[in-house]
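Enquirer: Chains as they are written, first to last, in our numbering: chain R, 511 to 913; chain X, 511 to 913.
Number of protein chains: 2
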Amino acid sequence: MTPRVPGAALLAACLAALAGAHLAADAARLSAGIASRVFVVERNAGSLAVYDLADRRVIGRIEGLGNLQHAVMTFSRWLDFGYIATRSGRLTRIDLQSLERAGEVQTSKSSIDIAISQDGRFVATAEYAPGGVTILDARTLDVVRRIPGQFERDGQVHLSRVTGIVDAPGNRFVCVLIEGAEIWVIDASGAEPVLERRIPTAAAEPYDAMITPDGRYYVVAHLDSADVTVLDLDAREASPRVVSLREPGRAYDQGAPRKLPHLASWAVAQGSVFVPLVGEKRLAVLDRDTWAFKRSIELRGHPVYAVRAPGERHVWVTFSGEADDAFVQVVDVGSLEVVHTFRVGARIYHVEFTPRGSHALITANAEDTLFLVNARTYAIEDRETLRSPSGVFGLWRAFTMGL
Amino acid sequence: MTPRVPGAALLAACLAALAGAHLAADAARLSAGIASRVFVVERNAGSLAVYDLADRRVIGRIEGLGNLQHAVMTFSRWLDFGYIATRSGRLTRIDLQSLERAGEVQTSKSSIDIAISQDGRFVATAEYAPGGVTILDARTLDVVRRIPGQFERDGQVHLSRVTGIVDAPGNRFVCVLIEGAEIWVIDASGAEPVLERRIPTAAAEPYDAMITPDGRYYVVAHLDSADVTVLDLDAREASPRVVSLREPGRAYDQGAPRKLPHLASWAVAQGSVFVPLVGEKRLAVLDRDTWAFKRSIELRGHPVYAVRAPGERHVWVTFSGEADDAFVQVVDVGSLEVVHTFRVGARIYHVEFTPRGSHALITANAEDTLFLVNARTYAIEDRETLRSPSGVFGLWRAFTMGL
Chain R
511 MTPRVPGAAL LAACLAALAG AHLAADAARL SAGIASRVFV VERNAGSLAV YDLADRRVIG
571 RIEGLGNLQH AVMTFSRWLD FGYIATRSGR LTRIDLQSLE RAGEVQTSKS SIDIAISQDG
631 RFVATAEYAP GGVTILDART LDVVRRIPGQ FERDGQVHLS RVTGIVDAPG NRFVCVLIEG
691 AEIWVIDASG AEPVLERRIP TAAAEPYDAM ITPDGRYYVV AHLDSADVTV LDLDAREASP
751 RVVSLREPGR AYDQGAPRKL PHLASWAVAQ GSVFVPLVGE KRLAVLDRDT WAFKRSIELR
811 GHPVYAVRAP GERHVWVTFS GEADDAFVQV VDVGSLEVVH TFRVGARIYH VEFTPRGSHA
871 LITANAEDTL FLVNARTYAI EDRETLRSPS GVFGLWRAFT MGL
Chain X
511 MTPRVPGAAL LAACLAALAG AHLAADAARL SAGIASRVFV VERNAGSLAV YDLADRRVIG
571 RIEGLGNLQH AVMTFSRWLD FGYIATRSGR LTRIDLQSLE RAGEVQTSKS SIDIAISQDG
631 RFVATAEYAP GGVTILDART LDVVRRIPGQ FERDGQVHLS RVTGIVDAPG NRFVCVLIEG
691 AEIWVIDASG AEPVLERRIP TAAAEPYDAM ITPDGRYYVV AHLDSADVTV LDLDAREASP
751 RVVSLREPGR AYDQGAPRKL PHLASWAVAQ GSVFVPLVGE KRLAVLDRDT WAFKRSIELR
811 GHPVYAVRAP GERHVWVTFS GEADDAFVQV VDVGSLEVVH TFRVGARIYH VEFTPRGSHA
871 LITANAEDTL FLVNARTYAI EDRETLRSPS GVFGLWRAFT MGL
């Protein structure tokens, strides 16, 4: 019998191994597809939680990512990888299939922003310390080019913090130098990215920037100022202009608005740009083409974010301050009126719509909760406990200019 | 020895099996991510070719799909499945990971169009024979509801062909009855989809329809007519209106334009709608908000498709007729002028941009070739031999309203 046992044992082991391999394949295989996965920054925990929109549950977590203050995630156009750059200066790549780390690179001492080129070949980080831009090969993670944030003033070379990096048409990156007060256009269409244009901002102390969803205008905010710089990226002759967020004929408290919120908070919908005004319970509405002040919309509190819903019919507004920060107000883009107000959860940090607009994912930081909201009925369809949830990033961002 | 042989043989077989399992896992694992895959209809062959944008080569083929005339492919929001409905009346589901069939359902004798609900739960096919709409559970492929294309005329109930089915805001489907001359709005937000509204078209003999990219207007074309019906889906009171494609003050040949091209050929970009006019070497430009005729643009030939590039700065136009059908003309959306003309390959059938706009995929049917074109330089970066290639469908469509 003995000689037969190894055979039987082998067979059993073999079958078990095959079953194991099958099981592993099953585990790698999702209950739905890869795009059901949404990443949520757990800010204080330094982790990314993975929420599955199909299963409506948290399916994983990537820990130890560093300082995730203002951390933004971007995705490869092939949906193989996600990339996150941290205030710790580390860029981490995440395999979207296995949800495991797939490479880490220390690009600087502190990075603030990240973008991916339109052809998917390059990832770029904007850095505070030592100050500059690092461009990496998206596949190999090799550093392809470092551009220090150098600028000249009074005959001396200084180093500037860089922020607001985005992808732009023509396979470019655009970013802004904070101390340098310059907009940089980097052409990433050749073998090696090159600094194509340096354009002074129209005012001093830029601190954040955004690109309109059509990739046409780059908008720069300035500290302690109600003015923004608007650069038409299509114009042959670069001529950044100053646009005021002050309502004509309206009296302002001295110094208000003192500071603009981050520019990711601006919503561009149909013919309007919706701007949360800090220090005021109003949303400014600018004309999308002329950038002229159209009117303002009274709100229940101090707005923080304005997010356009897919289809551009509505803009959802979130608030600061305990009395208001659990609420969302819905503004009709046609009538420019508030058409609905509803409560989600305390200290809302982020609103992310599913791409065809059926649902919104909302993080309520003070309640440690991620909410799934039906965008038609405003019903809360799911809630998940997370650790100090902040930014919410869906894979559809891979296909959206400027994200 | 004999007893040991089975053991050794088993071990060898076992190792081979394990290696095979490993190999299969490797094969399932992509060189890039799943979104690198683009599906190309091979019309006469009844197959779908799979082109990998990252590897720039054809990596697979799904055969025997039936009659693929005008076949359109749609994708689940999770990117687990693609769906194609054929003129043979068969809906085939394709696993986007394994590229194998994952279910087939005979929904009718002939289907012409397909759509997926915004929440991803339902797939709907518009059918010519026997005429109606079939709505399936996107996961189980169970038929959830069949709605025959019934309409009443002169006191009698008739059966109509149905076409132009699209997803619309509020988790709805919209389609049009050809003989019935009715627009149907189906509410798919509950457990079972219900026919919510039936709205007569503003003219007779509708034959195709489209929805604007913001999901607001449903546009229906009528046979032998230069008029289209435009329905504002936002309006409480349904009031379809007639919009004329005739240029005011312009003399027309009797009867021209005789027939409109398929409405997927209309491009909506910034404030304009670009309409290829059949029988004329011109593109009509309508105002996006008022639908008033703005002007027309002279072209090198008879236009077939107008496709907006991401960013909405350009519209690429293709042509019919041997003298012109290898060419693309690029229209500037701002100046409404042709700014570039270039040759790709004979009998262009489809232009599909990558979502951030770096490249376009173009099929040249008469040359049996798929071209990858750099959208900035117009350089042809890759060409692949395919069998009578027609429609090109990228996975990013999963995230685009109306596709």
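Here a beta-carbon is modelled for each residue, glycine too, at the ideal position from N, C-alpha and C.
Between the alpha carbons of alanine 889/X and aspartate 718/X, how many angstroms are there, rounded?
Expert: Cα-Cα distance, rounded: 34 Å.
Enquirer: Is glycine 821/R near the ligand FMN - that is, is its Cβ less than 6 Å away from at least one heavy atom of it?
Expert: Absent from the structure shown: the ligand FMN. Ligands present: none.
Enquirer: Looking only at its chain, what residues have a beta carbon closer than 7 Å to the beta carbon of tyrosine 561/R, apart from the 5 residues adjacent to it on each side?
Expert: Only Val548, Val550, Val568, Leu880, Glu894 meet the Cβ criterion.
Enquirer: Would you mind reading off the limits of the beta strand (DSSP E) that contains phenylalanine 661/X?
Expert: Where phenylalanine 661/X is concerned, the enclosing beta strand (DSSP E) stretches over 660-663.
Enquirer: In the DSSP output, which residue or residues are listed as bridge partners for glutamate 573/R?
Expert: BP columns for glutamate 573/R are empty, so no partner.
Enquirer: Take leucine 563/X as the anchor and find which of Ala542/X, His860/X, Val582/X has the nearest alpha-carbon.
Expert: Comparing Cα positions, the closest option is Ala542/X.
Enquirer: Could you tell me which of Ala833/R, Glu757/R, Leu809/R sits nearest to tryptophan 801/R, measuring between CA atoms?
Expert: That would be Glu757/R, whose Cα lies nearest to the Cα of tryptophan 801/R.
Enquirer: Identify, in the order they occur along the chain, each residue of the same chain with its Cβ nearer than 7 Å to the Cβ of aspartate 892/X, setting aside the five sequence neighbours on each side.
Expert: Cβ within range, chain order: Arg566, Leu882.
Enquirer: Cα separation between histidine 580/R and arginine 907/X?
Expert: Approximately 30 Å, taken between the alpha carbons.
Enquirer: Spatial neighbours of valine 848/X within its chain, please: C-beta separation below 6 Å, excluding the five flanking residues on both sides.
Expert: Around valine 848/X: Gln839, Val841.
Enquirer: Alpha carbon to alpha carbon, how far is alanine 779/X from valine 788/X? Give it in angstroms, no decimals.
Expert: Each residue's Cα considered, the two are about 20 Å apart.
Enquirer: Closer than 8 Å between beta carbons: that is the criterion. Which residues of the region 854-882 of chain X meet it against chain R?
Expert: Listed by position along the chain: Thr864, Pro865, Arg866, Gly867, Ser868, His869.
Enquirer: Should methionine 911/X be flagged as near chain R, meaning a C-beta pair shorter than 7 Å?
Expert: So yes, methionine 911/X belongs to the interface.
Enquirer: Of all the CB atoms in chain C, is at least one closer than 7 Å to the CB of proline 703/X?
Expert: As a matter of chain content, chain C is missing from the structure shown, whose protein chains are R and X.
Enquirer: On the CB-based measure, 16 or more other CB atoms within 10 Å of its CB, does histidine 860/X come out buried or exposed?
Expert: By the 10 Å Cβ count, histidine 860/X comes out buried.
Enquirer: Is the beta carbon of arginine 886/X less than 7 Å from the beta carbon of glycine 700/R?
Expert: No; because the gap between Cβ atoms is not below 7 Å, this pair is not in contact.
Enquirer: Using only the alpha-carbon positions, how far apart do valine 730/R and aspartate 677/R sit?
Expert: Between valine 730/R and aspartate 677/R, the C-alpha separation is close to 15 Å.
Enquirer: Using a Cβ-Cβ cutoff of 8 Å, what residues of the region 666-682 of chain R are near chain X? List them in chain order.
Expert: Result list: Asp677, Pro679, Gly680, Asn681.
Enquirer: With a threshold of 8 Å on Cβ separation, who are the neighbours of phenylalanine 591/X within its own chain once the five nearest residues in sequence on each side are excluded?
Expert: Result list for phenylalanine 591/X: Phe585, Arg603, Ile604, Asp605, Leu606, Ala612, Ala648, in chain order.
Enquirer: Does the distance from the C-beta atom of valine 672/R to that of valine 684/R stay below 7 Å?
Expert: The answer is no: Cβ separation not under 7 Å.
Enquirer: Please determine, among Leu793/R, Arg553/R, Ala634/R, the residue with the shortest C-alpha to C-alpha distance to leucine 896/R.
Expert: Per the Cα distances, Arg553/R.
Enquirer: Taking the continuous beta strand (DSSP E) assigned at threonine 644/X, which residues delimit it?
Expert: Taken as a continuous stretch (DSSP letters only), the beta strand (DSSP E) holding threonine 644/X covers 642-647.
Enquirer: Is the Cβ-Cβ distance between phenylalanine 661/R and isoleucine 645/R less than 7 Å?
Expert: No, Cβ-Cβ distance for phenylalanine 661/R and isoleucine 645/R is not below 7 Å.
Enquirer: Phenylalanine 803/X to leucine 793/X, Cα distance in whole Å?
Expert: Rounded to the nearest angstrom, the two C-alpha atoms are 11 Å apart.
Enquirer: Terminal residues of the continuous beta strand (DSSP E) containing leucine 675/R?
Expert: The amino acid occupying residue 675/R in the given sequence is isoleucine; leucine does not appear at that position. Here the beta strand (DSSP E) through isoleucine 675/R covers 672-678.
Enquirer: For histidine 850/R and alanine 816/R, I'd like the C-alpha separation in whole angstroms.
Expert: Distance between the alpha carbons of histidine 850/R and alanine 816/R: 14 Å.
Enquirer: What would DSSP say about arginine 760/R, mapped onto helix, strand or coil?
Expert: Three-state DSSP puts arginine 760/R in coil, outside helix and strand.
Enquirer: Got a sec, what are the start and stop residues for the beta strand (DSSP E) tryptophan 826/X sits in?
Expert: Taken as a continuous stretch (DSSP letters only), the beta strand (DSSP E) holding tryptophan 826/X covers 824-830.
Enquirer: What residues in the region 809-822 of chain X have a beta carbon less than 8 Å from any beta carbon of chain R?
Expert: Result list: Pro820, Gly821, Glu822.
Enquirer: Does glutamate 894/R come within less than 7 Å of chain X when only Cβ atoms are used?
Expert: Taking Cβ atoms only, chain X never reaches closer than 7 Å to glutamate 894/R, which makes this a no.
Enquirer: Glutamine 628/R: buried (16+ other C-beta within 10 angstroms of its C-beta) or exposed?
Expert: Buried: at least 16 other Cβ atoms inside 10 Å.
Enquirer: Please classify arginine 907/X: does DSSP put it in a helix, a strand, or coil?
Expert: Here arginine 907/X sits in helix by DSSP.
Enquirer: For a cutoff of 7 Å on Cβ pairs, would you count arginine 707/X as touching chain R?
Expert: By this cut-off, arginine 707/X is not an interface position.
Enquirer: Hey, could you find the ends of the beta strand (DSSP E) serine 806/R is sitting in?
Expert: Its beta strand (DSSP E) spans residues 803-808.
Enquirer: With distances taken from CA atoms, which of Arg597/X, Leu913/X, Glu790/X, Leu609/X is nearest glutamate 573/X?
Expert: The residue with the shortest Cα to Cα distance from glutamate 573/X is Leu609/X.
Enquirer: Anyone know if the C-beta pair for alanine 712/R and alanine 691/R falls short of 7 Å?
Expert: No. Outside cutoff.
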